[in-house]
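In the working numbering, the protein residues as written are 30 to 369.
All residues carry an ideal CB built from backbone N, CA and C; glycine is no exception.
Comments concern the structure below.
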Amino acid sequence: MHFLCLCLIFSTILATAAAAASTSFNKFRITGVNFADPEIQQFTSLIDKHKFNLGNAAEFLQRLGHFREAKQKLQEFDGKFKGAKFALNQFSLMSKEEQKHYLGGLPIPSNSSLFRQKRSVFDGRNDTLIPANEDFRSNGYVSPVKNQGSCGSCYAFAAAAAIESQYLIRQNKLLLDLSEQTIVNCESKLNQCNGGFLNRALDYAKDVGIPLETCSPYTAQNGSCNSKCDSQKFKISGYYWFDHDESAYAQQLHNFGPFTMWLSCPQAFMSYSSGILDLPAAECSKQSIGGHFLLVVGYTPNYWIAKNSWGPNWGENGYVRFKRGQNFCDMTRQVITPYL
30 MHFLCLCLIF STILATAAAA ASTSFNKFRI TGVNFADPEI QQFTSLIDKH
80 KFNLGNAAEF LQRLGHFREA KQKLQEFDGK FKGAKFALNQ FSLMSKEEQK
130 HYLGGLPIPS NSSLFRQKRS VFDGRNDTLI PANEDFRSNG YVSPVKNQGS
180 CGSCYAFAAA AAIESQYLIR QNKLLLDLSE QTIVNCESKL NQCNGGFLNR
230 ALDYAKDVGI PLETCSPYTA QNGSCNSKCD SQKFKISGYY WFDHDESAYA
280 QQLHNFGPFT MWLSCPQAFM SYSSGILDLP AAECSKQSIG GHFLLVVGYT
330 PNYWIAKNSW GPNWGENGYV RFKRGQNFCD MTRQVITPYL
């Protein structure tokens with residue numbers, strides 16, 4: 030009797046869950062879609078997890094198409110990039126054009142004098158012995174992972190993260206939460222949510238300063254500059270450009286702290302879940318959907334560790350590891366770190 034009751038309860042729970050899944054979307058009256066199908070349940074679960082609001086049946090089917098295409102690509106990535114793992118995430122529900130809104134990193138043009146000039150910044154300290162492994166997170170010198178959302182503002186997030194690390198290192202672990210929205214809204218030479226140059230964001234931090242997040246909270250939208258935030262701002266004295274020489278970056282990370290890097294972002298990067306990505310510049314260029322900025326916070330002899338701005342649910346709690354010594358996704362094109 031007890032067994033029969035348990036079976037009935039379990040059946041009721043399953044039926045209720047199935048009904049909930051179907052009633053969430055039955056207003057669309059989608060012909061030919063079986064909501065009991067495991068693939069459809071996986072899709073609707075992902076929709077719910079990432080809080081996608083589907084407006085109609087056409088959008089449901091469109092997102093389902095992106096989802097199925099993403100599943101095929103995961104198999105391709107798993108077979109091609111053995112050192113890393115890939116998984117379905119919010120980007121699996123988006124078109125390539127939608128994914129581009131989560132980037133926003135504009136690189137210095139290759140014909141620019143800034144790109145061509147030698148940028149060595151050792152300042153006589155290149156003979157310093159450095160550890161084989163270093164991770165600035167372990168000393169509390171990296172601020173929490175943030176989420177830029179669907180605004181192409183990675184330049185603001187990488188710049189703010191680098192400055193936050195400098196204050197943690199140089200100002201007795203002063204933990205700041207700087208306002209990326211201020212950089213987006215107030216630096217007139219940037220394109221707000223349509224992308225920007227990281228050095229311009231750092232110019233703004235040097236010339237004007239950045240207030241705290243509480244004064245101008247992030248909205249992931251274009252906005253106007255908030256004059257009420259002028260009272261307390263945090264500045265930098267300047268920033269270093271690193272030379273196009275990856276072999277020197279561990280020394281420079283040790284000397285100066287976390288540095289920002291630009292990458293030519295491939296679709297495989299969007300689906301990264303864990304492990305060590307092995308993507309040389311040529312492969313990234315072939316797959317690239319746009320430019321993106323990260324903050325490099327550590328290294329081992331085999332890989333770099335970088336902080337992203339897609340929230341803690343992406344990658345390894347918001348971080349990515351990628352192979353050293355191969356110019357990962359053209360990282361040497363633009364490497365900068367601020368100083369106080």
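Nearest-angstrom Cα separation, counted from residue j out to residue i
i      : j      : result
SER302 : ALA335 : 13 angstroms
HIS95  : GLY224 : 24 angstroms
GLY252 : GLY181 : 13 angstroms
ASP77  : VAL349 : 25 angstroms
CYS358 : LEU324 : 14 angstroms
GLY267 : SER314 : 31 angstroms
ILE239 : ALA189 : 8 angstroms
ASP232 : LYS262 : 14 angstroms
SER51  : PHE64  : With a pLDDT of 42 at SER51, under the threshold of 50, the modelled position of that residue is not reliable, and no figure is offered here.
LEU207 : ALA185 : 10 angstroms
HIS283 : PRO330 : 14 angstroms
PHE151 : GLN280 : The predicted position of PHE151 is uncertain, since its pLDDT is 46 and thus under 50; a value taken from the coordinates is nonetheless stated next. Going by the C-alpha atoms only, they are around 8 angstroms apart.
SER62  : ASN118 : A quick correction: the sequence has Val, not Ser, at residue 62. Whole-angstrom Cα-Cα distance: 22 angstroms.
GLY153 : LYS109 : The pLDDT assigned to GLY153 is 40, lower than 50, so where the model puts this residue is not dependable; a value taken from the coordinates is nonetheless given after this. The alpha-carbon atoms of GLY153 and LYS109 are separated by roughly 42 angstroms.
THR361 : PHE226 : 15 angstroms
ASP236 : SER260 : 15 angstroms
LEU75  : LYS202 : 38 angstroms
THR82  : GLY347 : First, the residue type needs correcting, since residue 82 is Asn and not Thr in the sequence shown. The alpha-carbon atoms of ASN82 and GLY347 are separated by roughly 24 angstroms.
GLU312 : LEU292 : 12 angstroms
ALA234 : ASN228 : 10 angstroms
Short Cβ contact (8 angstroms threshold) for residue i with residue j
i      : j      : result
PRO287 : ASN356 : no
ARG92  : LEU122 : yes
GLN221 : TYR247 : no
GLY320 : PRO136 : yes
LEU369 : ARG166 : no
ASP272 : GLY112 : no
CYS254 : CYS215 : yes
TYR269 : ILE192 : no
GLN195 : MET290 : no
LEU219 : ALA230 : yes
GLY327 : GLU163 : yes
ILE265 : PRO160 : no
GLN128 : PHE115 : no
LEU132 : CYS294 : yes
LEU204 : SER256 : no
GLU275 : GLY354 : yes
Nearest-angstrom beta carbon gap, residue j and residue i [assumed within contact, 8 angstroms]
i      : j      : result
CYS183 : SER317 : CYS183 to SER317, Cβ: 14 angstroms. No contact.
ALA187 : PHE89  : That pair is no contact at about 35 angstroms.
VAL174 : GLY340 : 7 angstroms
LEU197 : GLY178 : Between GLY178 and LEU197 the Cβ distance is about 25 angstroms, and since that is not below 8 angstroms, they are no contact.
ASN69  : ALA86  : Before going on, a small fix: residue 69 reads as Ile here, not Asn. That pair is no contact at about 14 angstroms.
GLY278 : ILE305 : Reading the sequence as shown, one finds Tyr at residue 278 and not Gly. About 17 angstroms; that fails the 8 angstroms criterion.
Residue i - partner residues in DSSP beta bridges
i      : result
ASP164 : GLY327
LYS352 : TYR332
ILE305 : ARG350
PHE357 : Answer is none; PHE357 lacks a bridge partner.
PRO367 : TYR268
PHE288 : VAL325
GLU345 : TYR348
Proximity test, residue i beta-carbon vs the ligand GDP heavy atom, cut-off 7 angstroms
i      : result
SER314 : The ligand content of the structure shown is nil, which means the ligand GDP is not present either.
- [ ] Could I get the ranges of all uninterrupted alpha helix (DSSP H) runs contained in the stretch 62 to 86, with 4 residues as the minimum, in chain order?
- [x] The DSSP assignment places complete alpha helix (DSSP H) segments of no fewer than 4 residues inside the stretch 62 to 86 at 67 to 78, in order along the chain.
Open item on the list: At 4 residues or longer, what runs of the alpha helix (DSSP H) sit wholly inside the stretch 172 to 249?
Closed with: The stretch 172 to 249 contains these whole alpha helix (DSSP H) runs: 183 to 199, 209 to 215 and 227 to 236.
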